[in-house]
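Using the numbering used here, you'd call the opening residue of the sequence shown number 3 and step up by one each time.
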Amino acid sequence: MKTLPDYFQSRLANILDSIRQIVEIESPSRDAAASRTVVDWLVREAEKISTNLEIERIAVEGCGEHLIIRAYRSNEKPILLLGHTDTVHPIGAKSKNPTRVEGDKFFGGGVFDMKANCVLMLEILRAFGELNIKPRRPITILLSCDEEIGSPTGRALVEREAADCEFCLVLEPSADGRVKTGRKGTANYVLKARGVPAHAGLEPEKGASAILEIARQIEKIHSLNNLDKGTTVNVCTVEGGTTTNVIPEHAACSIDVRFTSMAEAENIESAIRNLQSYDSKVSIEVSGGINRSPLERTESVVNLYEKARIIAGELCFRLGETRVGGASDGNFVAALGVPVLDGLGVAGGGAHTLEEFIYINDLPRRAALSAAMILAD
Ligand SMILES: [Zn+2]
3 MKTLPDYFQS RLANILDSIR QIVEIESPSR DAAASRTVVD WLVREAEKIS TNLEIERIAV
63 EGCGEHLIIR AYRSNEKPIL LLGHTDTVHP IGAKSKNPTR VEGDKFFGGG VFDMKANCVL
123 MLEILRAFGE LNIKPRRPIT ILLSCDEEIG SPTGRALVER EAADCEFCLV LEPSADGRVK
183 TGRKGTANYV LKARGVPAHA GLEPEKGASA ILEIARQIEK IHSLNNLDKG TTVNVCTVEG
243 GTTTNVIPEH AACSIDVRFT SMAEAENIES AIRNLQSYDS KVSIEVSGGI NRSPLERTES
303 VVNLYEKARI IAGELCFRLG ETRVGGASDG NFVAALGVPV LDGLGVAGGG AHTLEEFIYI
363 NDLPRRAALS AAMILAD
């Protein structure tokens, strides 16, 4: 157990250099060219580690490339290391959060969520090679390119790879160093209203306002919140109208829903689908639906967490757990009943903001933890 943290500590300068390189290749979701560039970089780095890796690139038009790296292939069920290469930061955002070290913090867009952890996955393979350690099980690394937008194309791959794995380690960001043993599920809807346009000064009585209709619906939608059950329902964007003197014909809002059980998700879904217009001259229409089911704190999740907690103790740090409202591809894995532990990534903060950073001193032990989880099986 001593060897792994010492190994990663000895490589810290190289690891930081790799993290700097991958962070500086900006790769927002839906930017296919940027995605290709970051995958090119990962493939080059993987090939430097070993020529025995099986590398598969899955290009999706207009989206980017998913990357699968397989090592130690055998008849045993593999361990799946899951992550993503896309970030929420548009091209150019790096000028507002340049890669830099300040004290123990390493700043950069997407470094915490989750490019540093993409590097750690490769470093784990490098460690096994250089330390002559052969894991008992094959390792599959899956890095998708559309996680930040709900995995419209990555989901099928995640489910395919997860379906026959022994267990799955998700190297998404930790929460102040804690792993995530519960994640809410998510649903997204758009509510559109179509009213009757009219001149706001000459004959407003002939109109029917789509904006007024949406405003009334928002009150109703927000009444679906139930904090005791952990259910949140929020209208997060609104738009409507054409100009300042016309009764608006169109309006729409988007609805973000989070839940801790599928039963609750179905209740909210049916309430939203059954919304009726207040004004009979305005028609309303709902689109969207349930995206990710919740990652529930099942026995198999707790078992993996317990294993990780004990290993962390041997590595001289305390590994806490928490439940969060944000979903990840770990939710898809959990829905298959496959043991999964999420949030194994390095500690840091500022996810999805221009203050994103990781703690440098957490890198070696965090890499050692995931590596030891693979070996402990
Ligand atoms: Zn993420």
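Virtual Cβ for every residue (Gly too), placed ideally from N, Cα, C.
Excluding its 5 nearest sequence neighbours in each direction, Val90 has C-beta neighbours in its own chain below 6 Å: Glu150 and His354, listed in chain order. Non-local beta-carbon contacts of Leu6 in its own chain, meaning distances under 7 Å to residues more than five positions away in sequence, involve Ala129, Ala370, Ala373 and Ala374 in chain order. For Val304, the three-state secondary structure derived from DSSP is helix. Note on geometry: alpha-carbon atoms of Glu28 and Ala36 lie some 7 Å from one another. Rounded to the nearest whole angstrom, the C-alpha separation of Val181 and Glu323 is 5 Å.
Between ligand 1 and Pro175, a heavy atom-to-CB distance of less than 8 Å is present. In this structure, the CA atom of Thr87 is about 22 Å from the CA atom of Arg367. At a Cβ-Cβ threshold of 9 Å, Gly352 and Phe114 count as neighbours. Per the DSSP secondary-structure output, Arg218 pairs with nothing in a beta bridge. DSSP places Lys182 inside the beta strand (DSSP E), whose first and last residues are Val181 to Arg185. Counting along the chain, the unbroken alpha helix (DSSP H) around Val160 starts and ends at Gly156 to Ala165.
Of the heavy atoms belonging to ligand 1, none sits nearer than 8 Å to the Cβ of Asp148. Here Ser256 has Val192, Cys238 and Thr239 as same chain residues with Cβ atoms under 6 Å from its own Cβ, once five neighbours each way along the sequence are excluded. Excluding its 5 nearest sequence neighbours in each direction, Cys167 has C-beta neighbours in its own chain below 8 Å: Lys79, Pro80, Ile81, Leu82, Thr142 and Val340, listed in chain order. About 6 Å separates the CB atoms of Pro199 and Gly209; that is less than 8 Å, so the two are in contact. Not a single heavy atom of ligand 1 lies less than 8 Å from the C-beta of Asp178.
Taking a C-beta distance under 9 Å as the contact criterion, Val259 and Asn333 do not qualify as a contact pair. Judged by beta-carbon spacing, Pro30 lies beyond the 9 Å limit of Pro100, meaning their Cβ atoms are not closer than that value. At a cut-off of 4 residues, the continuous stretches assigned as alpha helix (DSSP H) that sit fully inside the region 33-98 are 34-51. Looking at the DSSP output, Arg294 sits in a beta bridge with Thr188. Annotation for Ser302 indicates a beta carbon at 8 Å or more from all heavy atoms of ligand 1. Our two residues, Gly290 and Leu55, have alpha carbons roughly 39 Å apart in a direct line. Looking at Gln23, Leu321 and Val304, the one whose alpha-carbon comes closest to that of Glu47 is Gln23. Using a 10 angstroms sphere on the CB of Asn119, the tally of other CB atoms reaches 16 or more, which defines it as buried. Boundaries of the alpha helix (DSSP H) harbouring Phe334: Gly332 to Ala337, taken from the DSSP string. Taking C-beta separations shorter than 7 Å and ignoring five residues to either side along the sequence, the partners of Leu14 in its chain run Leu365 and Pro366, following chain order.
In the DSSP assignment, Cys170 falls within the beta strand (DSSP E) that extends over Phe169 to Val172. Counting along the chain, Glu125 sits inside the alpha helix (DSSP H) bounded by residues Ala118 to Glu132.
The distance from the Cβ of Ala349 to that of Gly179 is about 4 Å, consistent with a contact at the 8 Å cut-off. As the crow flies, the alpha-carbon of Val103 is around 11 Å from that of Asp19. Per DSSP, the continuous beta strand (DSSP E) segment holding Leu145 begins and ends at Ile141 to Ser146. The Cβ neighbour count for Gly66, taken over all protein chains shown within 10 Å, is at least 16; the residue is labelled buried.
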